[in-house]
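Structure record follows, encoded as structure tokens.
Numbering (the numbering used here), first residue to last: 837 to 1332.
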């Protein structure tokens, strides 16, 4: 009854008009959902405010519990290991045991191992031993990969507990009751444990493994698609960024912008990918996944907290107003972003200009330059540079200078094909540029590494609209007359 009342009160506070969009309100809603065991909802609210509680032990403890309840053991482990408060660290057994309850024995074993190394508590050893036995059981039943057992055995081998032979004996007994592939697994496990062999010598070549932040089930995946720019072809930084930045500045000067812009060199470390540009007020914002503003910059100057609150009362900005926001989410956008900050810095600090009263631009007599118009001019210049300027010619003539030659690309594509997968290339670049880049990275026979290659794809429109294909004549580089119909053949290059 008391818990029901507490849940109700938390909900009232969290949904109230004064608190619903505050940190306190979101904490209250998370507490309400926590008490009703709706842990997916708990994570929605805690994730929206976690930026403000990175070093808060209680917060990391609570979000770790919610992640465990949702079955996200890897993130839960990371959150729990951030806790340093001794009082909280005396309670890990209950929450780490939840990992075992949802079947994630390997992560449970790792967690108990971490706690055992900090403090040789018998409870931690018992938990780790039980988790390792659980890993072994799943591997024998072919419900978990052998790599899980290899990792678990490493944890067992480095334990100093006198009873660590228990698990080894269990594996030896399992060897006698299993046959075929399972018996081989048990035998290998037991023998390696018996002689103290380092399981890491059996690890596959890292170049042939897939490393993911989340579990990826690839067994039923047949088609693997690749972009070219910043995927197969990695541009060197800052060399390529400087080239792109200078081309954009040159284009703006041709459009009538002042020659003095050439005096502002590109600063590699000033901006990062993923910032939001507010076209109304000319502010560059670092925003979390829920729209909360973490840092703001205007021109080359950081915004004070009072400045942020003046334009964004709740320190929040919504993507619902897309016409006012540019999301600089690609690596190409880094140079674009720095051009915007340079223009705003130049005009805000020029003696002939002053800020408008509403803060949306600058004025020189009867001439007003809004930040929105600056953004539009820069975007126009960026599009011109990518599509019609000499940028791509400069890259093709200096491939060693601008492109990282990665010798792992060919083996990766060959490995996918060898295991029955099919590959395709989907790039916005034209055929001439694509051919030059991939001939450098893969070789003149690069088309043979893809089941089909699609150039001039015009993403993201590609994903939103239907398209027809025209086949590229790879001898001339020109598209063939007419629309292609029928099946695509391996090695074909299509114009979207």
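From the three backbone atoms N, C-alpha and C, an ideal C-beta is built for every residue, glycine too.
Does residue 877 come out as helix, strand or coil in the three-state DSSP assignment?
helix
In three-state terms, what does DSSP make of residue 1205?
strand
Residue 1247, DSSP secondary structure in three states
helix
Going by DSSP in three states, residue 1239 sits in which element: helix, strand or coil?
strand
What is the residue span of the alpha helix (DSSP H) that residue 1145 lies within?
1141 to 1147
Once you ignore the five residues that flank residue 1208 on each side, which residues in its own chain have a CB closer than 6 Å to its CB?
1115
Span of the beta strand (DSSP E) holding residue 1058?
Careful: residue 1058 lies outside any beta strand (DSSP E) and carries neither H nor E.
Cβ-Cβ distance between residue 1316 and residue 1287 below 7 Å
no
First and last residue of the uninterrupted beta strand (DSSP E) at residue 1134
1129 to 1134
Since residue 1258 is in the beta strand (DSSP E), which residue starts that stretch and which ends it?
1258 to 1262
Short Cβ contact (7 Å threshold) for residue 868 with residue 846:
yes
Three or more C-beta pairs below 8 Å linking the segment 1166 to 1186 and the segment 1130 to 1147
yes
Hey, how far is the Cα of residue 870 from the Cα of residue 1170?
40 Å
Which of helix, strand or coil does DSSP assign to residue 1190?
strand
Whose CA, out of 1323, 1330 and 1303, lies closest to the CA of residue 1314?
1330
Residue 1331 by DSSP, collapsed to three states: which one?
strand
Along the alpha helix (DSSP H) that carries residue 1122, what are the first and last residues, could you check?
Where residue 1122 is concerned, there is no enclosing alpha helix (DSSP H), although the beta strand (DSSP E) it sits in stretches over 1119 to 1123.
Does residue 1098 come out as helix, strand or coil in the three-state DSSP assignment?
helix
By DSSP, does residue 1028 sit in helix, in strand, or in coil?
Low local confidence applies: a pLDDT of 41 at residue 1028 is under 50, so the model's placement there is unreliable, and no value is given.
Using three-state DSSP, classify residue 1315 as helix, strand or coil.
strand
Quick one: is residue 914 buried, meaning 16 or more other Cβ sit within 10 Å of its Cβ, or exposed?
exposed
Going by C-alpha distance, which of 1101, 1191, 1061 and 1068 is nearest residue 1075?
1101
Limits of the unbroken beta strand (DSSP E) element including residue 849
First-last for residue 849: 838 to 851, but that is the alpha helix (DSSP H), not the beta strand (DSSP E).
Can you check which of these residues, 960, 949 and 978, is closest to residue 990 by C-alpha distance?
949
From this set, 1299, 1320, 1267 and 1304, which residue's C-alpha is nearest residue 1310's C-alpha?
1267
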